[in-house]
Structure formats: C-alpha cells, structure tokens
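Just so you know, we're using my numbering here: the sequence shown kicks off at 222 and counts up by one. Read the structure below first, then the notes.
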Amino acid sequence: MLGLIRYKVELCPEVNGQLFENGIPLVNQLVERGLTYDDEELDSVYTDDNGFFKFPAKSLKSRKPGSIFHEPVVRITIVLEKEGQTYTLWFGFQHGLKTPIEFRKFLKNLNADLSNEEKKHHLVNPINSLEEHFIYSICL
C-alpha cells in the first residue's frame, strides 16, 4: 500500500527579488525559473517599473518518495538573459521533500546587480551543520 501514498514535494518557496544594472533598476526584463524533480517545470515573470519580480511557491504530489530507493532532489534555476548573456540569479540543488531554511532566507529577498560576478556560495544549516548546500549566484 505504500505506493499509493502521495507525498508533498516542495519544489521552491516564494521568490521575491529586484534586479539592477550598475545600481539602476532593470525594467521589463524577463526572469525565468526552472524547477526539475522528475520533469522540468518552467515559468517566467517580467520585472516591474522598479526592477522587482516575484514567483509563487511551487510544490507537487508524488508517490516516488515512498520508495526506499528514491532520494528526492530538486534542481532550482533562476536566470535572466540580457543582450545574449545569461545571468545566474540562483542555481542549486535541494535534497529532501522540504525547502531548506537557508534557501527560504535568500529566495525571499533575491536582489542582484548584473555587474556582480557569479560566485559559488556555501550555505550551512545553522541547526544541523551536516546539512550544507552549494549555490551559484550573482545575488548572495
């Protein structure tokens, strides 16, 4: 009967951000989010007159976490393409059914200036130091 249970898999919390280029808000720019668990889900939004953008939280129901052979992993990407160049606002992997608190903290205020250099960031859970994540971003 375990195969009949559907588990909630959090793909991404709500994302709020603002984009700048050399300190000036980027208006009407397309920001794209890709969430990959089994399949890839894509959505996109445009920045407003002050460079703000927002994505809703996303989750799904799946039977796969009921298998002892399955490890839930979600790939989260948030990017902006401008003048042929791709800027990584967020690229990382979430392990487990729930979004790590470090992801929630940064994704609720994901602000970037395109003049920032993309870096690899090491995020550690303050409650469980064994839970760590590596994120690529121009935001952090």
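We put the beta carbon where it would ideally sit given N, CA and C, even for glycine.
Simplified DSSP state of residue i, which is helix, strand or coil
i      : result
LEU256 : strand
LEU223 : Reliability fails at LEU223, whose pLDDT of 49 lies under 50, so the model's placement of it is uncertain and the value that follows must be treated cautiously. Three-state result, LEU223: helix.
LEU247 : coil
GLU261 : strand
CYS233 : strand
Option nearest residue i by Cα separation, candidates the options
i      : options                           : result
HIS342 : LYS329, SER336, VAL295 and GLY313 : GLY313
THR307 : ASN237, GLU235 and TYR357         : TYR357
ILE226 : ARG325, SER283 and GLU352         : SER283
SER288 : TYR228, GLU304 and GLU352         : TYR228
LEU318 : TRP311, VAL295 and GLU302         : VAL295
VAL252 : VAL230, PHE324, GLU261 and LEU240 : LEU240
GLU292 : ASN330, ASP259, VAL248 and LEU328 : ASP259
LEU281 : VAL230, SER350, VAL345 and VAL248 : VAL230
LEU232 : ILE359, HIS316, ALA333 and LEU247 : HIS316
ASN337 : LEU331, CYS360, LYS329 and GLU302 : CYS360
LYS275 : LEU247, ASN330 and LEU263         : ASN330
C-alpha distance - residue i paired with residue j, whole-angstrom precision
i      : j      : result
ILE348 : ILE322 : 10 Å
ARG254 : VAL236 : 10 Å
GLU353 : ASN243 : 31 Å
GLN250 : GLY238 : 12 Å
VAL300 : GLU339 : 12 Å
LEU223 : PHE290 : Annotation note: pLDDT 49 at LEU223 (below 50); position unreliable, coordinate value reported separately. Straight-line Cα distance between these residues: approximately 13 Å.
ILE245 : TYR267 : 16 Å
PHE324 : ASN271 : 24 Å
SER350 : LEU344 : 10 Å
ILE297 : ALA278 : 12 Å
For residue i, the first and last residue of its enclosing beta strand (DSSP E)
i      : result
ASN237 : 236-242
Every unbroken alpha helix (DSSP H) within the segment 279-357, with a cutoff of 4 residues, ordered by chain: You should have 322-328.
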